[in-house]
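S.K.: Submitted below is the structure of interest, expressed as structure tokens.
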Ligand SMILES: Cc1ncc(COP(=O)(O)O)c(C=O)c1O
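Pasting the structure below:
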């Protein structure tokens, strides 16, 4: 199918959404009035808005909440009507909003109208089944219900005393997830916002355990490790140079002998190795570092071993799929993001560690106003294990979600994603004009167009593949992202969205081949 016909909308009706007069947002063109900016009192306000001193009236809240739930259900039911990535250019959205906050209250109906008109269409639709970029973050239905209840309860899980339920349910859910992924009871942990924060906390533990001057400390990770590891080194005062990037093999896996050599060279030069990060499921290609061999090195050298399984860790809930994780039970800490492949609304990152007390030593700072004086039993105050004080009640949505899906339901969906990715990889492999650029241990396929017989040099291939992904993303039907592997432009298709079906993956392939044919004409 020629790309022209795809782009003209004959094959893809949604394309008309992206090309017509409704492109972006100028409010006048959409036939409604942007937010109120005058000091005139608008009509349709309720009493609490007109002269109240308290919150929204509970009955007004109930009515508005029902409307919001309808909005949410409508959105989820028809998310495919949107282009996955909106047809906007940077800077086009902000001018559609008033420059200053409204002086006077506005009716909730008008606000929700504007939400529908200004917010929804300008979102990148992570909930769209055609979202195949980065690593998917789906907000599942039960997870969204959990977020709603979390907001209503308004807990702050900084101290046991500021939320006994958030504190104790966090312990329960951490235990459930720890057991679900097959790690031993020696692992305790906590829920943070992101893997970036979890890894930062883990490396703070490593710094704490090592003690002494940070100046010469060194952390080791593969050249494919996530940028959050380098950021953690920056933030912890170790400096960017503290991260030693170890070379990978042709499968993008850290080489344990190169790691051992780097550590011994650094020791010989007077540096202080403190930690190794092994990644199971790297961000670019989802490669799997040899965790057991790395654990041997870490043990021998007395280093903290942190396993970054932010994306792939969810797979370990299926016992028959645990081979890539072999050895992670020997780690000091492990991060898994439920907000990636366990379909939990952003944010939820699980940090598991055998060394809770070391994390506490790294972060505990208890001023008088945070001390619990009225309890005999020692309490766990989770803020003592993190650099932040205020904490969301993230355990609630996880508890609701784990019960609604059951581990079996989650396993079924993850296995399905693995099958979809395997099918896609097989299509790429079967087409001589396309080339797979990395193994597919999980649900992400790295590939590029490389037409048979074309004397394309690397630069020309890069340009062509960048054009393909751009053309495909502009259809609005699917959304993919890219990376570079060994310097070469690489298209990534990552299956991880809860709503993705085989037809979406098949459509992505169809669009890609059409774009390639058009570009290569
Ligand atoms: C392997 C890996 N680690 C860490 C992260 C960072 O995750 P977060 O956005 O939760 O900080 C990512 C993000 O994709 C990742 O792929």
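In our numbering, the protein residues as written are 15 to 535. Virtual Cβ for every residue (Gly too), placed ideally from N, Cα, C.
1) Beta-carbon separation of residue 288 and residue 276 under 7 Å?
2) Can you find a heavy atom of ligand 1 that lies under 6 Å from the Cβ of residue 240?
3) Does the distance from the C-beta atom of residue 506 to that of residue 479 stay below 7 Å?
4) I think residue 149 touches residue 508, with their Cβ atoms under 8 Å apart; what is that distance to the nearest whole Å?
5) What do you reckon, is the C-beta of residue 154 under 6 Å from a heavy atom of ligand 1?
6) Should residue 325 be listed as close to ligand 1, given that the test is whether its C-beta is under 6 Å from any heavy atom?
7) Going by Cα to Cα distance, which pick from 358, 371, 374 and 438 is closest to residue 412?
8) Please name the residue, chosen from 473, 406 and 291, that lies closest to residue 342 on a Cα-to-Cα basis.
9) Residue 263 to residue 238, Cα distance in whole Å?
10) Run the proximity test for residue 322: is its beta-carbon closer than 6 Å to any non-hydrogen atom belonging to ligand 1?
11) Tell me the DSSP secondary structure of residue 206 in three-state form.
12) Exposed or buried, what is residue 9 when buried is set at 16 or more other beta-carbons lying within 10 Å of its beta-carbon?
13) Can you tell me whether residue 57 is buried or exposed? The criterion is at least 16 other CB atoms within 10 Å of its CB, across all chains shown.
14) Answer yes if the segment 314-333 comes into contact with the segment 350-365, meaning at least three C-beta pairs across the two stretches below 8 Å, and no otherwise.
15) Which residues bound the beta strand (DSSP E) around residue 427?
16) May I have the straight-line CA-CA distance separating residue 442 from residue 298, to the nearest angstrom?
17) Can you list, in chain order, the residues of its chain whose CB lies under 7 Å from that of residue 269, leaving out five sequence neighbours each side?
18) Going straight from the alpha carbon of residue 92 to that of residue 526, what length do you get?
19) Run through DSSP, which three-state label would residue 495 get?
20) Please name the residue in 256, 250, 227 and 223 whose C-alpha comes closest to that of residue 235.
21) What does DSSP give as the partner residues of residue 320 in its beta bridges?
22) Report back the beta-carbon spacing between residue 300 and residue 455 to the nearest angstrom; my notes put them in contact at under 8 Å.
23) For residue 135 and residue 492, I'd like the C-alpha separation in whole angstroms.
24) What do you reckon, is the C-beta of residue 149 under 6 Å from a heavy atom of ligand 1?
25) How do the segment 181-191 and the segment 220-234 stand: do at least 3 beta-carbon pairs fall below 8 Å, yes or no?
26) Go ahead and label residue 523 buried or exposed: buried means 16 or more other beta carbons lie within 10 angstroms of its beta carbon, across all protein chains shown.
27) Does the segment 211-221 come into contact with the segment 367-380, if we say contact requires no fewer than three beta-carbon pairs (one atom in each stretch) closer than 8 Å?
28) Using the beta-carbon count (16 or more within 10 Å), is residue 114 buried or exposed?
29) How would you call residue 143, buried or exposed, if buried means at least 16 neighbouring beta carbons within 10 angstroms?
30) Compute the Euclidean distance between the alpha carbons of residue 296 and residue 63, then round it to the nearest angstrom.
31) CB of residue 297 to nearest heavy atom of ligand 1: below 6 Å?
32) Given a threshold of 16 other Cβ atoms within 10 Å of its Cβ, counted over all protein chains shown, does residue 485 qualify as buried or as exposed?
33) When the Cα atoms are used, what is the spatial distance from residue 65 to residue 378?
34) If we call anything under 7 Å between Cβ atoms a contact, is residue 90 one with residue 110?
35) Once the 5 residues before and after residue 518 are set aside, which same chain residues still bring their CB inside 7 Å of it?
36) What are the boundary residues of the alpha helix (DSSP H) that residue 278 is part of?
M.R.: Looking at the coordinates:
1) Position 274 of the chain shown, counted from the start, is the residue given in the question as residue 288. Position 262 of the chain shown, counted from the start, is the residue given in the question as residue 276. Annotated as distal: residue 288 and residue 276, with beta-carbon spacing of 7 Å or more.
2) Position 226 of the chain shown, counted from the start, is the residue given in the question as residue 240. Yes, ligand 1 has a heavy atom inside 6 Å of this Cβ.
3) The sequence position of residue 506 within the chain shown is 492, counting from 1. The sequence position of residue 479 within the chain shown is 465, counting from 1. Against a cut-off of 7 Å, the Cβ pair of residue 479 and residue 506 comes out as no contact.
4) By 1-based counting over the chain shown, the position of residue 149 is 135. By 1-based counting over the chain shown, the position of residue 508 is 494. About 5 Å separates the Cβ atoms of residue 149 and residue 508, confirming a contact at the 8 Å cut-off.
5) To locate residue 154, count along the chain shown from 1; it is residue 140. Because no heavy atom of ligand 1 lies under 6 Å away, the Cβ of residue 154 does not count as near it: no.
6) Residue mapping note: residue 325 aligns to position 311 of the chain shown, counting from 1. Yes, the Cβ of residue 325 comes within 6 Å of a heavy atom of ligand 1.
7) Working through the chain shown from its first residue, we reach residue 412 at position 398. Taking only the C-alpha atoms, the option nearest residue 412 is 358.
8) As a working mapping, residue 342 is identified with position 328 in the chain shown. Distances from the CA of residue 342 to each of 473, 406 and 291 were compared; the closest alpha carbon is that of 291.
9) Taking the chain shown and counting its residues from 1, one reaches residue 263 at position 249. Taking the chain shown and counting its residues from 1, one reaches residue 238 at position 224. Approximately 11 Å between the Cα atoms of the pair.
10) What you label residue 322 is simply residue 308 of the chain shown in a count that begins at 1. Within the cutoff, so yes.
11) Within the chain shown, residue 206 is the residue found at index 192, counting from 1. Residue state, collapsed to three classes: strand.
12) Since the first residue of the chain shown is 15 and the last is 535, residue 9 is not available in this structure.
13) The count along the chain shown starts at 1 and reaches residue 57 at position 43. That one is exposed.
14) These segments touch.
15) The count along the chain shown starts at 1 and reaches residue 427 at position 413. Segment 408-444 is the alpha helix (DSSP H) holding residue 427; no beta strand (DSSP E) there.
16) Here residue 442 refers to the residue found at position 428 of the chain shown. Here residue 298 refers to the residue found at position 284 of the chain shown. Cα to Cα, residue 442 sits roughly 18 Å from residue 298.
17) In the chain shown, the residue the question calls residue 269 occupies position 255. Excluding positions up to five away in sequence, the list reads 260, 261, 262 and 263.
18) By one-based count along the chain shown, residue 92 stands at place 78. By one-based count along the chain shown, residue 526 stands at place 512. Computed Cα separation, rounded: 24 Å.
19) Numbered from 1 along the chain shown, position 481 holds the residue referred to as residue 495. Strand, per DSSP.
20) Here residue 235 corresponds to residue number 221 of the chain shown, with the count starting at 1. In this structure, 256 is the residue among 256, 250, 227 and 223 with its C-alpha nearest to the C-alpha of residue 235.
21) Position 306 of the chain shown, counted from the first residue, corresponds to residue 320. Residue 320 pairs with 291 and 347.
22) Counting from 1 along the chain shown, the entry for residue 300 is found at position 286. Counting from 1 along the chain shown, the entry for residue 455 is found at position 441. Right, their Cβ atoms sit about 6 Å apart.
23) Here residue 135 corresponds to residue number 121 of the chain shown, with the count starting at 1. Here residue 492 corresponds to residue number 478 of the chain shown, with the count starting at 1. Straight-line Cα distance between these residues: approximately 15 Å.
24) For the purposes of this step, residue 149 is taken as the residue at position 135 of the chain shown. At least one heavy atom of ligand 1 falls within 6 Å of the beta-carbon of residue 149.
25) Too few Cβ pairs lie closer than 8 Å, so no.
26) Taking the chain shown and counting its residues from 1, the one referred to as residue 523 is at position 509. A residue is called buried when at least 16 other Cβ atoms come within 10 angstroms of its Cβ; residue 523 meets this threshold and is buried.
27) The segment 211-221 makes contact with the segment 367-380: 3 or more CB pairs, one atom from each, lie closer than 8 Å.
28) Along the chain shown, one-based indexing puts residue 114 at 100. It is exposed - the Cβ of residue 114 has fewer than 16 other Cβ atoms within 10 Å.
29) Here residue 143 is taken as the residue at index 129 of the chain shown, counted from 1. Counting of Cβ neighbours within 10 angstroms places residue 143 among the buried residues, the total reaching 16 or more.
30) Walking along the chain shown from the start, residue 296 turns up at place 282. Walking along the chain shown from the start, residue 63 turns up at place 49. Their backbone Cα atoms lie some 50 Å apart in a straight line.
31) If you number the chain shown from 1, residue 297 lands on position 283. Within the cutoff, so yes.
32) Sequence index remark: in the chain shown, residue 485 carries index 471 (1-based). The C-beta of residue 485 has 16 or more other C-beta atoms within 10 Å across all chains shown, which makes the residue buried.
33) The count along the chain shown starts at 1 and reaches residue 65 at position 51. The count along the chain shown starts at 1 and reaches residue 378 at position 364. Between residue 65 and residue 378, the C-alpha separation is close to 45 Å.
34) The sequence position of residue 90 within the chain shown is 76, counting from 1. The sequence position of residue 110 within the chain shown is 96, counting from 1. Not closer than 7 Å, so no.
35) Along the chain shown, read from residue 1 onward, the residue named residue 518 stands at position 504. So the qualifying residues of the chain are 143, 144 and 492.
36) For the purposes of this step, residue 278 is identified with residue 264 of the chain shown, where counting begins at 1. Its alpha helix (DSSP H) spans residues 270-282.
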